[in-house]
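In our numbering, the protein residues as written are 6 to 202.
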């Protein structure tokens with residue numbers, strides 16, 4: 006059985022976006038190297054350092070599914086039916102969209118019964134692979150429910166001052182010592198296990 010891993014790029018003061026969903030400089034590291042990473046779907050390739058590319062490929066290669074909230078789904082318009090990392094997507098929502106349809110949209114599963122049901126559905130889809138969990142409110146809900154095994158952070162050297170926090174209003178929680186520390190250019194990739202009482 007794979008792990009449930011929350012993941013996002015985060016500012017030094019703990020934010021994953023401003024309140025208006027603008028990410029500021031958080032994704033600058035996606036285009037500051039020589040190694041090309043090809044996206045699936047409509048987004049163009051990005052270019053990172055060798056260290057970031059190795060970390061990214063290991064992360065994406067472990068995933069069987071990604072769980073996102075309805076807000077991220079709406080902001081991206083569901084990536085027009087194909088997420089850039091090419092995995093199936095579970096969307097936690099109060100109400101599935103009625104008129105959303107793109108080629109590839111069959112890879113999207115909408116769950117309305119809460120975070121535990123979304124994670125259970127994702128685990129079923131992922132099989133032995135890992136479940137990725139987008140940071141923000143749903144990651145906070147999963148953390149509070151004891152459903153997160155690891156936290157992955159792409160720590161970016163910017164201070165945003167305000168915005169949407171990595172875990173929303175969740176907590177408290179205790180993490181173990183980092184299991185990965187990878188220095189990229191303008192990013193530090195970190196992985197922490199979640200300690201359970």
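Where a beta carbon is used, it is the ideal one built from N, C-alpha and C, also for glycine.
Buried or exposed, going by whether 16 or more other CB atoms sit within 10 Å of the CB of residue i?
i           : result
residue 63  : exposed
residue 6   : exposed
residue 146 : buried
residue 88  : buried
residue 16  : buried
residue 14  : buried
residue 186 : exposed
residue 184 : exposed
residue 117 : exposed
residue 167 : exposed
residue 57  : buried
What number of angstroms, rounded off, separates the C-alpha of residue i from the C-alpha of residue j?
i           : j           : result
residue 171 : residue 108 : 31 Å
residue 10  : residue 28  : 21 Å
residue 42  : residue 176 : 34 Å
residue 91  : residue 79  : 18 Å
residue 31  : residue 161 : 6 Å
residue 126 : residue 71  : 11 Å
residue 120 : residue 97  : 7 Å
residue 179 : residue 202 : 9 Å
residue 38  : residue 163 : 19 Å
residue 21  : residue 75  : 16 Å
residue 73  : residue 143 : 7 Å
residue 52  : residue 36  : 5 Å
residue 134 : residue 115 : 20 Å
residue 200 : residue 181 : 6 Å
From the DSSP output, which residues share a beta bridge with residue i?
i           : result
residue 156 : 11, 197
residue 65  : Residue 65 pairs with nothing; no bridge assigned.
residue 31  : Bridge partners of residue 31: none, in fact.
residue 135 : 68
residue 36  : 52
Closest Cβ-Cβ distance between residue i and chain C: below 9 Å?
i          : result
residue 61 : The structure shown has no chain C; it contains just one protein chain.
Over what stretch of residues does the alpha helix (DSSP H) that includes residue i continue unbroken?
i           : result
residue 127 : 120-131
residue 145 : 142-149
Since residue i and residue j are thought to touch, with beta carbons under 8 Å apart, how far apart are those beta carbons, to the nearest angstrom?
i           : j           : result
residue 198 : residue 155 : 6 Å
residue 24  : residue 169 : 7 Å
Tell me which residue opens and which closes the beta strand (DSSP E) that residue i is part of.
i           : result
residue 116 : 113-116
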